[in-house]
Amino acid sequence: MQLILTHDQADFDAIGSLLGAALIHEGAIPVLPSRLNRNVRAFQNLYGSELPFVDQKDLSGDPVESIILVDTQSLVTVKGMRRSTRIRVIDHHHKRADISPDWQFSMDNTGACTTLFIEHIRDHNAGINPIQATLLMLGIYEDTGSLTYASTTARDVRAAAYLMDQGASLKIAANFLNPPLSASQRLLYDRLLASAETHHIHGHTVTIVSGHGEDMDEEISSVAHKLRDLLDPDALFVLVITRDGVRLIARSTSDRINVARIARIFGGGGHERASAALLHPTGEVAPDTLAQLLEDTKRQLEKLFPDMVQPSIRVRKIMSHRPLLIAPDTSAQEALSLMQKYGYEGYPVVDNGRVVGLLNRRAVDRAISHRLNLPTSSLMEAGEVTVSPDDPIDHLQDIMTSTGWGQVPVVDPEKKQVIGIVTRTDLLKTLHQGEASLPGHINLAGKLKNSLSPARNALLQGIREQAEKLHLPIYIVGGFVRDLLLGHPGEDFDIVVEGDAIRLAHFISQQYGGRVVTHSRFGTAKWQIKEIAEQLAIQLAVEESLDAREFPDFLDFISARTEFYEYPTALPTVERSSIKLDLHRRDFTINTMAMRLNSRHHGELYDFWGGLADLKQKRIRVLHSLSFVD
3 MQLILTHDQA
13 DFDAIGSLLG
23 AALIHEGAIP
33 VLPSRLNRNV
43 RAFQNLYGSE
53 LPFVDQKDLS
63 GDPVESIILV
73 DTQSLVTVKG
83 MRRSTRIRVI
93 DHHHKRADIS
103 PDWQFSMDNT
113 GACTTLFIEH
123 IRDHNAGINP
133 IQATLLMLGI
143 YEDTGSLTYA
153 STTARDVRAA
163 AYLMDQGASL
173 KIAANFLNPP
183 LSASQRLLYD
193 RLLASAETHH
203 IHGHTVTIVS
213 GHGEDMDEEI
223 SSVAHKLRDL
233 LDPDALFVLV
243 ITRDGVRLIA
253 RSTSDRINVA
263 RIARIFGGGG
273 HERASAALLH
283 PTGEVAPDTL
293 AQLLEDTKRQ
303 LEKLFPDMVQ
313 PSIRVRKIMS
323 HRPLLIAPDT
333 SAQEALSLMQ
343 KYGYEGYPVV
353 DNGRVVGLLN
363 RRAVDRAISH
373 RLNLPTSSLM
383 EAGEVTVSPD
393 DPIDHLQDIM
403 TSTGWGQVPV
413 VDPEKKQVIG
423 IVTRTDLLKT
433 LHQGEASLPG
443 HINLAGKLKN
453 SLSPARNALL
463 QGIREQAEKL
473 HLPIYIVGGF
483 VRDLLLGHPG
493 EDFDIVVEGD
503 AIRLAHFISQ
513 QYGGRVVTHS
523 RFGTAKWQIK
533 EIAEQLAIQL
543 AVEESLDARE
553 FPDFLDFISA
563 RTEFYEYPTA
573 LPTVERSSIK
583 LDLHRRDFTI
593 NTMAMRLNSR
603 HHGELYDFWG
613 GLADLKQKRI
623 RVLHSLSFVD
């Protein structure tokens with residue numbers, strides 16, 4: 003006999019997975035757990051006659067040869083199980099460390115486990131009726147928040163679309179999603195709400211609620227959802243004493259708080275944003291021991307938070323440096339010329355070092371179209387709207403939402419000077435892609451070291467030391483970084499400097515020797531190495547001798563710059579800029595990546611324009627519409 007099982011206190015994703023597995027594995031018996039969530043029980047009572055589920059008490063007791071365990075990695079004992087019973091797990095949660103090596107494990111990254119079975123049904127053209135399609139739809143909707151949770155994948159959406167084609171009823175599904183709390187759940191809700199303790203960890207709000215729920219026969223997850231919606235923390239931890247032990251339910255609304263990692267410490271598991279665990283006391287189960295276990299768990303959680311909660315992404319991580327500032331008396335025509343030259347949409351207006359407003363392109367265009375050459379003070383959006391570099395991006399989002407400013411100046415709180423600007427595009431990119439979009443998320447230091455000869459590694463180390471004496475950020479950019487990521491690294495590279503590359507080249511020449519040839523118009527310098535290679539090998543050698551033949555003949559130093567062309571094919575007008583603007587001059591996105599070399603940031607990848615994603619997808623994408631006009 004082959005059985006299909008899921009976890010106790012089953013939700014719609016568990017029951018949907020149970021049904022999906024039964025539709026795929028002909029002859030396997032889908033067994034309902036002893037306890038179902040209230041809305042699941044209501045659906046089963048109404049439509050159970052059209053579903054293939056069997057109650058545990060109705061099992062024959064014949065030997066169970068194999069079990070398919072869905073949407074969980076915790077096995078319950080049923081009649082007929084033997085030591086020889088084979089176990090296969092099909093789940094969308096990360097594999098637990100304590101899973102038996104004898105079990106077969108299948109895991110995939112979807113928002114709902116039900117999706118895995120729907121894909122198989124769809125691909126094999128297995129027929130399903132409208133009630134089955136509706137139950138499967140409920141499985142997807144409940145675990146993905148009706149396709150709105152951050153854990154939702156494109157696969158979940160495609161699976162839901164397939165179910166719509168098979169006759170799934172959204173009207174029926176709506177009747178069973180987000181049911182109101184029962185009387186007993188409401189009592190627990192009130193007890194938990196009264197116990198709420200809020201902690202502020204690394205810029206995040208984390209709330210713990212706890213209480214007694216021994217009288218509860220219904221699921222606690224619905225109560226947790228209602229509390230999360232009311233309290234709106236970045237993470238919520240619910241601890242409830244039940245007849246089975248202390249139940250932990252955790253919910254997160256931030257990618258910076260992985261509640262599954264925390265739940266696994268307590269023997270549980272789940273998703274990064276939704277997880278649970280059941281804790282049992284050692285020794286006799288009694289009210290006093292359970293109460294003590296709850297308090298101990300709460301204290302342990304509080305100790306874990308500083309290490310488990312990642313700091314909020316700060317404005318300094320996404321802002322652009324050296325913004326162009328405009329004075330209040332700048333005319334509309336002058337402002338238009340600047341906007342056409344630099345291309346930005348918004349400019350901070352500064353009077354005696356203080357931000358007094360924001361001038362945007364729309365206001366300037368409107369003034370020019372009406373032939374009104376008004377001063378900036380008459381066109382700007384007035385207000386001293388700023389953020390500091392250490393503000394979390396949640397605060398930035400609030401500022402942009404409340405003011406409507408799409409560009410917000412970043413002010414040093416001590417010097418009271420504008421040091422950067424952050425745009426709506428910067429914010430949306432970070433909110434969408436998370437930490438993966440930030441400089442430094444990927445480190446290539448190991449790849450760089452392994453790709454270069456000892457002499458060239460030592461050369462980079464020497465250059466890094468001299469650059470840091472001048473407080474200059476330095477980078478390798480473009481094709482070298484692209485090829486390094488592809489696993490085909492080259493030996494030749496240039497050094498891009500955020501600052502004065504000519505000054506750095508002369509400073510290095512003074513330290514190690516060699517001639518420097520400069521081109522001041524473009525801010526570039528060529529350090530001649532060939533003639534001093536033997537001497538340089540001795541100077542840079544630390545633990546082992548270096549082969550002077552491995553040095554390049556010369557090394558180019560280039561100031562990060564932005565360029566303007568009065569007409570195609572003309573020589574550019576060059577201005578010093580940030581690394582971000584320098585990379586924006588490139589042709590294809592895969593050539594816009596940079597690797598920083600300074601010690602604190604050594605090897606950090608800077609990818610402002612999605613080059614790494616394009617590289618992984620083997621896609622060549624032009625950076626912008628004017629990439630080849632110049």
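Last residue of the sequence shown: 632 (this note's numbering), numbering continuous. Ideal Cβ positions, reconstructed from N, Cα and C, are used throughout, including at glycine.
Roughly how many angstroms lie between the CA atoms of residue i and residue j, to the nearest whole one?
i      : j      : result
Thr388 : Leu238 : 31 angstroms
Leu487 : Ala460 : 21 angstroms
Arg98  : Leu194 : 29 angstroms
Leu296 : Ala265 : 14 angstroms
Glu447 : Ile560 : Sequence inspection shows Ala at residue 447; the Glu mentioned does not correspond to that position. Spanning the two alpha carbons is a distance of roughly 21 angstroms.
Glu467 : Ile423 : 30 angstroms
Leu506 : Phe524 : 15 angstroms
Ser254 : Lys451 : 39 angstroms
Thr200 : Val208 : 6 angstroms
Ala543 : Ala550 : 10 angstroms
His214 : Ala44  : 26 angstroms
Ser86  : Tyr49  : 35 angstroms
Ser197 : Lys300 : 12 angstroms
Ala170 : His443 : 42 angstroms
Ala279 : Arg578 : 56 angstroms
Asn375 : Ser339 : 12 angstroms
Met321 : Leu21  : 49 angstroms
Ser547 : Ser511 : 21 angstroms
Arg316 : Ser76  : 39 angstroms
Ala159 : Leu140 : The sequence shown places Val at residue 159, not Ala. Rounded to whole angstroms, Val159 to Leu140 spans 13 angstroms at the Cα level.
Ser371 : Pro377 : 15 angstroms
Who does residue i pair with in a DSSP beta bridge?
i      : result
Ser68  : Gln4 and Arg88
Asn362 : Gly348
Leu34  : Asp57
Leu281 : Val248
Leu557 : Trp529
Tyr590 : Note that residue 590 is Phe in the sequence shown, not Tyr. Paired residue(s): Val624.
Tyr2   : The requested residue 2 does not occur in the structure, where the chain is confined to residues 3 to 632.
His214 : Ile243
Leu607 : Met597
His202 : Thr207
Check the Cβ-Cβ distances between residue i and every residue of chain C, and say whether any is below 8 angstroms.
i      : result
Ile540 : Given the protein chain composition of this structure (a single chain), no chain C is represented.
Between residue i and the rest of its own chain, which residues show a CB-CB distance below 7 angstroms, the 5 nearest in sequence each way excluded?
i      : result
Leu118 : Ile92, His94, Asp110 and Thr112
Glu500 : Leu474, Pro475, Ala562, Ser580 and Ile581
Ile592 : Arg484, Gly613, Asp616, Leu617 and Ile622
Val42  : Ala12, Asp13, Phe14 and Ile17
Asp502 : Ser561
Gln513 : Gln468
His603 : Gly442
Pro308 : Ile203
Below 8 angstroms CB to CB, which residues in the same chain sit around residue i once its five sequence neighbours on both sides are set aside?
i      : result
Gln2   : The requested residue 2 is not part of the displayed model; the chain covers only 3 to 632.
Met218 : Ser186, Gln187, Leu190, Val242 and Thr244
Gly481 : Gly492 and Asn593
Leu292 : Ile243, Gly247, Val248 and Pro283
Leu38  : Gln11, Ala12, Ile17 and Gln46
Ala384 : Val358 and Gly359
Ala226 : Leu238, Val240, Ile251 and Arg253
Glu28  : none
Within its chain, find whatever has a CB closer than 6 angstroms to the CB of residue i; leave out the 5 residues flanking it on each side and keep chain order.
i      : result
His508 : Val518
Glu386 : Val357
Glu52  : Ile133
Ile504 : Thr520 and Ala527
Ile174 : Thr136
Phe55  : Pro32 and Leu34
Lys449 : Leu486
Q. Can you list, in chain order, the stretches of the beta strand (DSSP E) that have 3 or more residues and sit fully within the stretch 424-509?
A. If one requires a minimum length of 3 residues, the beta strand (DSSP E) runs lying completely within the stretch 424-509 are 476-479 and 497-499, in chain order.
field: Inter-stretch contact at 8 angstroms, needing at least 3 Cβ pairs: the stretch 477-497 / the stretch 538-557
entry: In short, these stretches touch, since the Cβ pair count reaches three.
Within the stretch 233-269, note down every full beta strand (DSSP E) run reaching 3 residues or more, in order along the chain.
-> Qualifying beta strand (DSSP E) stretches, in chain order: 237-244 and 247-254.
query = If you scan the stretch 107-192 from start to end, which runs of the beta strand (DSSP E) of 3 or more residues do you find wholly inside it?
reply = Fully contained in the stretch 107-192 is no beta strand (DSSP E) run of length 3 or more.
The stretch 254-272 in contact with the stretch 177-192 per 3-pair CB rule at 8 angstroms: Using a Cβ-Cβ distance cut-off of 8 angstroms, the stretch 254-272 and the stretch 177-192 are not in contact, since fewer than three pairs of beta carbons, one from each stretch, lie closer than that value.
Quiz item: Touching or not, the stretch 140-151 and the stretch 170-182, by the rule of three or more beta carbon pairs under 8 angstroms?
Solution: A contact exists between the stretch 140-151 and the stretch 170-182.
Check: Does the count of Cβ pairs from the stretch 351-367 and the stretch 324-332 closer than 8 angstroms reach three?
Finding: A contact exists between the stretch 351-367 and the stretch 324-332.
Fill in: the stretch 393-402 in contact with the stretch 219-229 per 3-pair CB rule at 8 angstroms
At 8 angstroms Cβ cutoff, the stretches do not touch.
Exercise for review: May I have a chain-ordered list of the alpha helix (DSSP H) segments no shorter than 4 residues that lie completely inside the stretch 288-349?
Suggested key: Counting only runs of 4 or more, we get 289-310, 317-320 and 334-344.
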